[in-house]
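Trainee: Can you read through this structure? Questions will come right after.
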C-alpha cells in the first residue's frame, strides 16, 4: 500500500516514546489530526498496523521514489525522537544510492543509529572509503563528514587514516572537514590525541581562511594547552582574521585572547595614569627609564580585530569586546562601548548576555558606559531579567553628577506593575544611597514614603533596605526611626512590622521615649500578630528590659508570659530562652551577666554591593561568566607574565629567494594586508574552478594555488618570494620599474601576480616591490600624477617610512583597457618624483576562464573567420612534450587549461580583464615538432600580439 | 559545541529533536520545563540554564523555544546567534516559522540542520549557499516532486562556499536587472508623563533586494554619511573603503539581504513625529476610572502618519472598559488586560481620540501606576534622521540595472509613560 506525502506527518503526532517494539501499534492507534489539512486527510492511511513492515518493503522496492518516500518518513520518526533502529539493515543497503537526496537521508539515519548497530554500520564503511577518493571535492568532504560522525570504535584506525589524508587534500574545503573530523575522533577515542595533534599542527599552517576557524576549534578541543603550536601561526591568524567566516572568527579571537595573555606583558602597568592623558603614550614612554613598549604582535592583534566590531554577528562583536577588555591598554577599551550598546537592539537573549557583560564591565569602568546611560533605561515591555540587569547597570553607573536623573528614573520603576522588578529597584536605591553619600538622606526619605505603599513586597523591601541603611549610620537617623514608629500602626505587612520592631529594639537607647510606647502597643496586640512579629516583639522586650527596666519590666513580663503559652514552638522556645537570659534568678548562672553583651552587641552593617562584583574572575563573554559558575571545559585566562617570553618564536622563517635582493623581514607592517577587506587569496578562485571542472588533476593549477596563497596570507615577508615557488610556470618575470641610480636610492620592481584584482574586477593586479638602497630612510612614498590622465589606477596606500635596506611589497590595480599601452605615472617620495611606466605583456591582460571542452568548442565556433588567427610554428625540442608545451603557454599568458580528450590538442581559455572578451588558444602538435597555434577572439590586435609572444616562447628553448 | 537541539512549543511539547553528536535524552529538557514553570511570562525564561551535566541555551521566537544542549564552555552568544540564524533560515524557507510549518517540512528542516552544523560547529549558514544545497519548498515543486520523484536537494553542488565571495553564487541570470534599497528607520523613545522626551534614538537599516546578473560590484554613497554613528555591515561590504571614503562598496548577495544597520549619532536631536495627550485617572474608592487619549502629529515634515496602533497593558484591577474611538477600532482583552486601538491614519484636522470609562474591581484599591502606552506608526517616504542616498553605481557588468530607493520611518520601542 502506498502512502501519500502527508502521511509521515500524521503518523507522528504522539510524543511519548515507548520504544520501537510498540511503535507500530502505537502509531496505529493514534488518529489525532495535525494542524495541517492535508496531513489530516492522509491520516486515514495511518490506521495501517504494521507501519515499519511497510517502510521496510518500500525500502526494498526497486523504485527510487518509494525508497525516498520511506526515508522521508523515517527521518520524520527520528525527528520526533521515535525509535527507528530496527530498520537499520534495510536502510543501510541504500547508502550507495545514486539519488543525492536519498543518500543524504540515509546518511542522517546512519549517523543517528550507527552507535547502536555497530556491526551493521560496518557494512557501509567501504562506500565511504571509496567516496574519499572521488575526484569531486564535495563528495570527498561529505564522505569524511559522515565517516567521522559514525561513532563506532572499531573504525578508529580508518578514520585516522582518512583524516590524515584529507588534511593534505588540495581542496581547502576537504581540509576544513578534516579539522572537524579531528574533534569527532578525539571524542570517540581520546587515546589518539598525540597523532591528532600532529594533524592539527599541520592544519594550523594552512593558509586558507576556510580552514582557519575549524582547525582552531579542533585545537581548542584537543590540545588547548599546546600554545607552542600557535607561535608560528600567530601573525598569519591575525592577518587572516577579517576574512575568516564569522563563526571561525569567534573561536580564533577567544583563542588569541588566551594566547596573548601568556605571551605579552601587561599594558596596564604603573604608567596607566600617564597613558590615560597622553594618547601617544608609546612615543613618550620611550623617554622614561623603564618604559612599557607594546609588542608589535600585541598591537597587530588589537588592530586587526577592531574592524570586526562592525560585524553583524553579535557573537563576533562580543568576542572582540572581551578581547579589548582583557588585552587592550585601559584607555583603548572604550572603543567597544558603542558596539556593545548597539547589540542591545538585538533579540532578548542577546540583550541578556550583553547586559550581563556590561554589568561586569561597568563595575570597574563606569566611564565607559556613562555617556550611554539612557540606553539602559527600562521599558515596560522588557522581560523581567532584562529589567533587573539594566537596573544593575544603572546602579553601577550612578555617581554624584547623574544620581538625580537616575533616582528620578527609579521613581517610575518603583511604581511598576511588575512587583519583583519594583522590589529590585528599591534594593538599587539602597545601593545608590550607600555609594553616594550626598543622596543618602534623599533616598531614605523616599524609601520611608514607600512604606505606605499598598504592595506587600514593596513595603517589605523598603523596610529591609531602610534597616540596612540605618544600620550603617544610626546616629543621624533617630528621626526616621521615630517616623517609622509612627507609621507602624498603619503598616500591615508582617515582614515590615518585624523589621521596624528590630530597628527600635536595636536603637532603643536613641529613641528612649518611643520604644516603651511601641512595646506597650505590641503587648496589646501580641496575640493577633504574625509569628515573625511576635519573635521581634520578644526581642524588643528583652532589649528594653536590659536598658530601661524601670519602665518596661512589667510589660516585658507580660509579653513573656503570653509567649510562654503561644501555639508556636519557636515562640515558646525563644520566650523561655530570653527569660532565662535576662531575668536573673538562682538557676540562671553566669550567662545572665553577659545578657547585655549578647543582646546588644554592635552588629556589623550589611554590605550592599553588586551581584556582579565577583564575576570578573571569569573571562567575559563566556558561559561561565554568564552563569557565574565554572563551566565544564572553561579555560582560565592566565595573568600577564612579568617578563615577556621570547618574541622571536613568532617569527616565520623566510624562504631565501633565488633573486639577488634580500627579502624584507617582519619589521615593516604589511600594508598590503591593511588596505583590503577581502582576502586576496587567489587560491579560493582556483578551487572554485576546480570544483566546476570536477577534476583537480591538473598539476599546474594546484601548485599555483598553493603557492599564491602563501603570498596572500603571510603578509609582507612572503610576498617577495612567490615566484620562487611556482616551478611549473618557470620564474615569474619581474620587471624593473625604477633603477636605484635614477631613483636616488629608491628602486622598484614589479610583477604580475596573476590574481584577480581586488579593487575593481577590470583592473590587472600588479605587485610592486620597493627597496630603499640609500643610506637614509625614505618617507611618504606614494603615487603622483599619471598619464594619460584618464588612466584608471588603484594606488597603494602611502608608505610612511621605508628604512635603509628595507623593502616592502605593495599591490596596486591598473586598468589597461585591454591594450598594451604603458601606464605612466609618477612615483613620489617626500622630496622627489620619478616618472615610471608599467608596460604589460599581452598575456598579462588576461585572466583564466574555466570551461568544459564542449563549451570551448561551442565558443570557438562563434569566433571564426575574422576572429581567428592561426600559424604553424616550429617547436623547440624541449617543448615538444605536451606538458612542457602547456607550461610554456601558461607562462606567456594568464589563461586556464581546458581539459582535452585528444592527446595532441591543447586548449586554453581566458578572458580579457577589462572587457571580459573570450580568448581561446588551441595548440595542435603535429609531426616533426611543429604545431598549429590558433587563437580565437574578437580582439584581433591582441590575438596577433599573443600569437607572436607564444611563437617566440615555444620556438626558443 | 552545540550538542543537540530540541524544539518546544508553547504547551511544552518537544516536537522536534536533532543531535549532532551522540544522542542526549530528551529528559534533559525537564530542567527547561522547570524554569518555564517558574517564569511568569514566556519571555522570562532565562536564556541560559545550567543542569548537572549539560547547559541549556534557548531562544524564543514565534512562540517556539529553540533549546540547544551544550556540554562544555562556549560563548553563549555564539549559540544564541546561531539559533536565531536557524529561525531566520526557516522563515526564509517556509515563509513562516511555526510549529505547523516545521512539522510539514520536517525533512527539509532536517536536511537544513544537517548542513548548518557539523559536529556542532556552524558549517553553512549563508542562506544563498543553503538554497543551492537544498531548494526551498514551493507548492509547485512539491507537486512535481510527488509525481516525478525528484528531490529538493540540489543536483549541482554549490560553489559559493568555496569561493572568495561566499555569499554569492556564480552564474546568476536575470532578464530584468533590478536593485532596490529600503532605508528603514526606527525611533526608540520614552516620553514621560508631561510629554517631554526622556530618551530618543534612531536606528536604521538598509534592506536590499538585488536581482542582478553576473558579478556586479556596487557602490552606494550618502549625501550626509556623517549622520551614521555606529554601523554594522553585511560581510560583503568592504570595510576599508567605508573607513576611508564613507562609501559602501560591495558585491551583493543574490536576493534579499540586510546591507547595513546603523545608529544615528546621539548628538542630533530626534524629531518625535507624534504626540499623545492623555488623561487616565482612577479614583480612590470608586469603581470607575477615566480614560482619555488623543493623538496628534508633530514634526512630520508634511508626511502622513499611518498604520498607527496604540497598545497598553492596563492595571490588573481593571475589569472592563467602555471606550469610544473617534476612528479605528479598539479591543480590550479582560484576561490579559491588554488594550489595543488600531487607529490607522492620523488626520491632522480631526485628531483621533479614545475616550470613555474603565470599570474597576469593586472594593479593590486604586492601582498605583498608570499604564504605559506603546505606539506603533509608519511614515512613508521619509527617513526621520534626514539620511539621503546620493547615488548608486554599478561596476563589473555591462547592462543598466533598474535602481530604486525607498525611505520609511517606523516606531521602534516607542513608549509614553502616563
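Residue numbers (UniProt numbering), protein chains in the order written: chain A, 1 to 957; chain B, 1 to 418. Glycine included, each C-beta is placed from N, C-alpha and C at the ideal position.
1. I'd like to know whether the C-beta atoms of residue 74 (chain B) and residue 66 (chain B) end up nearer to each other than 7 Å.
2. Along the stretch 380-406 of chain A, where does the CB come closer than 7 Å to a CB of chain B? Name the residues.
3. Taking a contact to mean a Cβ-Cβ separation below 7 Å, would you say residue 348 (chain B) touches residue 326 (chain B) in this structure?
4. Grouping DSSP H, G and I as helix and E and B as strand, with all else coil, what is residue 341 (chain B)?
5. Can you pull the chain B residues whose beta carbon is under 7 Å from the beta carbon of residue 364 (chain A), in chain order?
6. Is it true that the stretch 322-331 of chain A meets the stretch 243-260 of chain A, where meeting means three or more beta-carbon pairs spaced less than 8 Å apart?
7. Using a Cβ cut-off of 7 Å, which residues of the stretch 341-355 of chain A contact any Cβ in chain B, in chain order?
8. Determine the direct distance from the alpha carbon of residue 6 (chain B) to that of residue 724 (chain A), and round the result to whole angstroms.
9. Report, in whole angstroms, the separation of the C-beta atoms of residue 908 (chain A) and residue 889 (chain A), which I expect to be a contact under 8 Å.
10. Check whether the Cβ of residue 713 (chain A) lies closer than 7 Å to any Cβ atom in chain B.
11. Any chance you could list the alpha helix (DSSP H) runs of at least 4 consecutive residues sitting entirely within the stretch 477-552 of chain A, in chain order?
12. What residues of chain B sit near residue 313 (chain A), judged by a beta carbon separation below 8 Å?
13. If you run the structure through DSSP and keep just helix, strand and coil, what is residue 272 (chain B)?
14. Comparing the C-beta of residue 168 (chain B) with each C-beta of chain A, is any distance below 7 Å?
15. In terms of residue numbering, what span does the alpha helix (DSSP H) encompassing residue 321 (chain A) cover?
16. How close, in whole Å, do the beta carbons of residue 910 (chain A) and residue 897 (chain A) come, if the pair is a contact with beta carbons under 8 Å?
17. Please go through the stretch 72-100 of chain A and give each complete alpha helix (DSSP H) segment of 4 or more residues, from N-terminal end onward.
18. Under 7 Å Cβ-Cβ, which residues of chain A neighbour residue 347 (chain B)?
19. So, is the C-beta of residue 632 (chain A) closer than 7 Å to a C-beta in chain B?
20. Let me check understanding here. Comparing Cα to Cα, which of A:938, A:944, A:955 and A:948 lies closest to residue 925 (chain A)?
21. Could you please give the first and the last residue of the uninterrupted alpha helix (DSSP H) stretch that includes residue 217 (chain A)?
22. Leaving aside the five residues before and after residue 278 (chain B) along the sequence, list all residues of the same chain whose C-beta is less than 8 Å from its C-beta, in chain order.
23. With DSSP as the reference, identify every bridge partner of residue 296 (chain B), one or two as the case may be.
24. Below 8 Å on C-beta distance, what does residue 396 (chain B) contact in chain A?
25. Given residue 190 (chain B), which residues of its chain have a CB within under 6 Å of its CB, disregarding the five upstream and five downstream residues?
26. Does DSSP put residue 258 (chain B) in a helix, a strand or coil?
27. Which residues in the same chain have their Cβ closer than 6 Å to the Cβ of residue 88 (chain A), if we skip the five residues on either side of it in sequence?
28. Ignore the nearest five residues each way along the sequence and tell me which others in residue 491 (chain A)'s own chain have a CB closer than 6 Å to its CB.
29. Considering residue 55 (chain B), what are the terminal residues of the beta strand (DSSP E) in which it resides?
30. Since residue 318 (chain A) meets chain B, which of its residues come closer than 8 Å, beta carbon to beta carbon?
31. Who are the near neighbours of residue 220 (chain A) in its chain, counting only those whose CB is closer than 7 Å to its CB and skipping five residues on each side?
32. With DSSP run on the structure shown, which of helix, strand or coil describes residue 407 (chain B)?
33. Tell me where the beta strand (DSSP E) around residue 392 (chain B) begins and ends.
34. Once you ignore the five residues that flank residue 388 (chain A) on each side, which residues in its own chain have a CB closer than 7 Å to its CB?
35. For residue 238 (chain A), which of helix, strand or coil comes out of DSSP?
36. Is it buried or exposed for residue 815 (chain A), if we count other Cβ within 10 angstroms and need 16 for buried?
Mentor: Reading it off the structure:
1. no
2. Answer in chain order: 380, 381, 383, 384 and 385.
3. no
4. strand
5. Within 7 Å Cβ-Cβ: nothing; residue 364 (chain A) doesn't reach chain B, min ~20 Å.
6. yes
7. 342, 345, 347, 348, 349, 350, 352 and 353
8. Unreliable positioning characterises residue 724 (chain A) in this predicted model, as indicated by a pLDDT of 31, which lies under 50. The coordinate reading is nonetheless provided below. Roughly 54 Å between the two C-alpha positions.
9. Indeed they touch by this definition, with Cβ atoms about 6 Å apart.
10. With a pLDDT of 38 at residue 713 (chain A), under the threshold of 50, the modelled position of this residue cannot be trusted; read the value that follows with caution. Answer no: the Cβ-Cβ gap between residue 713 (chain A) and chain B never drops below 7 Å.
11. 478-487, 494-506, 514-525 and 531-547
12. 81
13. In the structure shown, residue 272 (chain B) sits in coil (DSSP, three-state: anything other than H, G, I, E or B).
14. Chain A has no Cβ within less than 7 Å of the Cβ of residue 168 (chain B).
15. It spans 314-327 - the alpha helix (DSSP H) in which residue 321 (chain A) sits, taken as one unbroken run.
16. 10 Å between Cβ atoms; not a contact.
17. 88-92
18. Among the residues of chain A, none has a CB under 7 Å from the CB of residue 347 (chain B); the nearest is roughly 28 Å distant.
19. Residue-level contact check: residue 632 (chain A) touches chain B, since one or more beta carbons of chain B fall below 7 Å from its beta carbon.
20. A:955
21. 209-222
22. 292, 293, 294, 373, 416 and 418
23. In the DSSP assignment, residue 296 (chain B) is bridged to B:275.
24. 760, 761 and 762
25. 198, 199 and 415
26. strand
27. 113, 117 and 120
28. 497
29. 55-61
30. Chain B residues near residue 318 (chain A): 75 and 77.
31. 251 and 255
32. strand
33. 389-395
34. 421 and 424
35. helix
36. buried
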